[in-house]
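One structure below.
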Amino acid sequence: MAPDNYLFNKQDWHAVESAHREALIREIDEYDSERLLNTSPSDLASYFEEKFWIEPVVLRENEIAADQREVQVDVRRDPFRDIRDRSKPFKVKGTRIEIDVPFDGEPKLFRIQPTIYTLNPPQGEVNNGILRLKLEGTNLNPEEVKVQIDRTLTTIRGYLQTLANDVGKLNRQLRFLAEKAISAIADLVGCVNEVNALIPSQTLKIKLKCDRMRDK
17 MAPDNYLFNK QDWHAVESAH REALIREIDE YDSERLLNTS PSDLASYFEE KFWIEPVVLR
77 ENEIAADQRE VQVDVRRDPF RDIRDRSKPF KVKGTRIEID VPFDGEPKLF RIQPTIYTLN
137 PPQGEVNNGI LRLKLEGTNL NPEEVKVQID RTLTTIRGYL QTLANDVGKL NRQLRFLAEK
197 AISAIADLVG CVNEVNALIP SQTLKIKLKC DRMRDK
């Protein structure tokens with residue numbers, strides 16, 4: 017499987033967590049101020065908590081499916097073969113085994129490096145709710161294939177468990193973050209409205225411009 021198919025190595029969890037928090041606060045900042053003032057803070061907090069909730073990945077291992085087919089296998093990295101030019105693919109007849117593992121949860125988590133990880137992450141492909149593992153070779157041994165698949169799945173389970181812990185910690189903070197941001201914006205909008213109410217001339221209305229409010 018190609019190096020770009022490594023799982024759990026495209027994004028760092030701490031960066032993802034920080035960006036997720038910022039996105040939540042930014043969306044509350046940009047929420048319509050009149051709707052914000054006229055909606056229950058508890059209902060708003062629930063809305064944003066649900067919207068930004070991240071669902072951990074759970075493998076449905078009781079639904080695993082396997083497929084085997086004949087393919088052309090690139091063996092240029094096989095040190096026991098006499099190949100003159102190893103800079104180019106050297107293909108021979110072989111076998112490919114594909115293991116499809118359905119899952120529930122956020123598929124983007126397969127791209128994220130959790131807080132605990134190894135220097136040799138597992139490989140796989142993720143598409144339409146399916147995690148696909150591939151093995152290719154010219155003389156695949158059934159027992160060795162089973163051992164390798166089991167080892168890969170064990171590694172993936174470990175990554176997903178760490179991510180579930182990381183995600184769970186963030187999810188538990190979402191409501192607090194939402195309530196705090198909503199309260200700050202509501203206080204700011206209320207203050208501006210009170211000041212504007214004291215100014216009779218519409219041309220002198222205060223237009224709040226800062227990084228916590230949209231310029232109306």
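FYI, this note's numbering numbers position 155 of the sequence shown as 171, with every residue one higher than the one before it. We put the CB at the ideal spot given by N, CA and C, even for glycine.
- Item | Gly174 (DSSP reduced to helix, strand or coil) | Reduced to three states, the DSSP call for Gly174 is helix.
- Mind reading off the beta-carbon distance from Thr178 to Pro130? Whole number of angstroms is fine, and I expect it under 8 angstroms. 4 angstroms
- the region 62-71 / the region 180-199 touching (three or more Cβ pairs under 8 angstroms): yes
- Message: At the level of alpha carbons, what is the spacing between Asn187 and Ser58?
- Response: 17 angstroms
- Thinking just about the alpha-carbon of each residue, which of Leu125, Asn136, Gly153 and Leu151 is nearest to the one in Asn143? Leu125
- Task: Mind reading off the beta-carbon distance from Gly153 to Val89? Whole number of angstroms is fine, and I expect it under 8 angstroms.
- Result: 6 angstroms
- On a CA-only basis, which of Leu40, Pro105 and Asp166 is nearest Pro138? Give me that one, please. Asp166
- Span of the alpha helix (DSSP H), counted from its first residue to its last, around Leu125: For Leu125, no alpha helix (DSSP H) segment is defined, and its DSSP state is neither H nor E.
- Query: What whole-angstrom Cβ distance do Glu141 and Asn21 have, given they're in contact under 8 angstroms?
  - Reply: Going by Cβ atoms, the distance from Glu141 to Asn21 rounds to 6 angstroms, so yes, they are a contact pair.
- Message: Checking the sheet assignment: what are the DSSP bridge partners for Glu86?
- Response: In DSSP, Glu86 forms a bridge with Thr111.
- alpha helix (DSSP H) containing Lys150: first to last residue? Unbroken run through Lys150 is the beta strand (DSSP E), Ile146 to Gly153; no alpha helix (DSSP H).
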